[in-house]
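UniProt numbering puts the first residue of the sequence shown at 1, with every later residue one more than the last.
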Amino acid sequence: MTKEEFLSFKFHQEVPKYGDKLLKRLDEFRKKNLYFDVKLKTLDEELVAHKVVLAACGGVFRRNFVDPTTMMIMGDVTMVEFHCPSAGILPILRFAYSGRLELSAEDLIPVFVAADVTEMHEVSDICAGVCTEKLGWILDFDGTDQQDLEVLEKILRLNLKHFENYNHKGEGEFPGLGKVMDLWPELVEIYQTVVGCVRKAVGMVGEGGKEDSTSKDSKAGSENVEGTAKSTGDSNKTDADEVKSCGTDVSPEKPAND
């Protein structure tokens, strides 16, 4: 190559999976409470994250972190409140950083509720499918089968600790409610929450089944659709398995002047 030829020289090299490695590094920072720029306040715990990662997920996160005029990340938003348990938000955070959603009997319902609150539609769809498969039987519960009673009690108690401050009152009919009231009166509200989630999940899966394969593929690869969120705050802002309303009380806060 001559010196003159060098003037038109171009070169590129791609580092394999660099984007994945970068997100993984950011996730490690999150786990160690390093370099974060926002706190997520749940019913029972404060979690930390990076606004740019969450804003890329769309939904409530994007509306709270991105200025719609400048399309820039808003630096003065340092805390957002979510009316759902941390057991539901944590798997969503991991999903945001890795694209991998891990669910268990203990956190399936909390994650389904949190996905509704945050408008993470991909997560909602996954949870709906798992809820329908694993917990659909609850909609036929009548309190006569001893094994059903034993399993249901374990499911409810697994979820109770996550929803102690949730204060959600279910609506509609609840199969076997009388039996639950007789045996475990302290579990009535969480039973209504679980049944509501399962009913919603079955409805979502049923609607999905009516779509053709093309629309399903399109939906699976689509970006989150942004909805509406209720924001609250004062003038001096400071830092297991149909929820008709999951209490989408999402409140961005700004740091007060020291």
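Even for Gly, the Cβ is constructed at its ideal location relative to N, Cα and C. Bear in mind the structure is a predicted one, so any value in this text is a computation, not a measurement.
Distance between beta carbons of residue j and residue i, contact taken as under 8 Å
| i | j | result |
| --- | --- | --- |
| Pro110 | His162 | 5 Å |
| Lys39 | Thr78 | 7 Å |
| Ile89 | Ala114 | 5 Å |
| Gly136 | Val195 | Not quite, the Cβ-Cβ distance comes to about 11 Å (not below 8 Å), so this is no contact. |
Element boundaries [alpha helix (DSSP H), containing residue i]
| i | result |
| --- | --- |
| Ala128 | His121 to Leu135 |
| Ala49 | Segment Glu46 to Ala49 is the beta strand (DSSP E) holding Ala49; no alpha helix (DSSP H) there. |
| Lys154 | Gln146 to Leu160 |
| Glu5 | Lys3 to Phe6 |
| Met181 | Leu177 to Leu183 |
| Asp20 | Tyr18 to Lys31 |
Euclidean distance between Cα positions of residue i and residue j
| i | j | result |
| --- | --- | --- |
| Ile37 | Glu122 | The question names Ile, but residue 37 in the sequence shown is Asp. Computed Cα separation, rounded: 25 Å. |
| Glu133 | Asp67 | 40 Å |
| Phe174 | Glu186 | 16 Å |
| Gly19 | Leu101 | 18 Å |
| Ile155 | Tyr166 | 17 Å |
| Gly143 | Thr118 | 34 Å |
| Thr2 | Val15 | 28 Å |
| Val80 | Asn159 | 24 Å |
| Leu43 | Ile126 | 23 Å |
Candidates the options, of which the one nearest residue i by Cα
| i | options | result |
| --- | --- | --- |
| Ser98 | Val117, Ala56, Thr78 and Ala114 | Ala56 |
| Ile73 | Leu139, Val53 and Trp184 | Val53 |
| Asn33 | Leu156, Asn167 and Ala49 | Ala49 |
| Ile190 | Glu164, Glu150 and Phe11 | Glu164 |
N- and C-terminal bounds of the beta strand (DSSP E) containing residue i
| i | result |
| --- | --- |
| Leu40 | Val38 to Lys41 |
| Glu81 | Met79 to Glu81 |
Would you check if the segment 102-116 and the segment 173-189 touch, i.e. whether three or more CB-CB distances between them fall below 8 Å? no
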